[in-house]
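Beneath this line is the structure, given in structure tokens, with notes to follow.
In my numbering, the protein residues as written are 1 to 176.
See the structure below:
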């Protein structure tokens, strides 16, 4: 099956999940194959030494599967890390998002957005003390906006939302 810009199928979501697993920031999963996804596919193709056209054909799909298999083999060969305390930079930004549960700690409502960045629309507002989990469809729960600020992809009321991953707004409750 060939996947290209404009399509919206289960295979497109699967492609997004594969690229996200490989470390690409695909934004919200389940959206149609858009220009952003096409550019990510082109970057993957270039890194793999494939013809760069932004279309996912048989060869690109095979390379995706091989890259994920190699990543999983490497991950399985390493020992499980001992849970560490949260790593926070000088600005209060979390550098990892691998906790099972998080809590809103700001005294005001926390905006949950449709993508990683302030330019995305606010989908809902989380009240103080609300708890939530990283979204299970995302292997890497931290995504970065255009200026490099981290956003946590969360699962809340059945949807995927992005909240600013900063210790002024949220804190981990339960570690992995």
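From the three backbone atoms N, C-alpha and C, an ideal C-beta is built for every residue, glycine too.
Just so you know, these numbers come straight off a predicted model, no measurement behind them.
- DSSP places residue 59 within a helical segment (H, G or I) once states are collapsed to three.
- For residue 86, the CB contacts under 7 Å within the same chain, skipping 5 residues up- and downstream, are 94, 172 in chain order.
- Inter-residue distance for residue 122 and residue 111 is about 6 Å (C-alpha atoms, whole angstroms).
- A straight line joining the alpha-carbon of residue 56 with that of residue 98 spans about 30 Å.
- Residue burial annotation: residue 20 is buried, with at least 16 other C-beta atoms found within 10 angstroms of its C-beta.
- DSSP places residue 44 in no beta strand (DSSP E) but in the uninterrupted alpha helix (DSSP H) bounded by 35-48.
- Counting along the chain, the unbroken alpha helix (DSSP H) around residue 12 starts and ends at 10-21.
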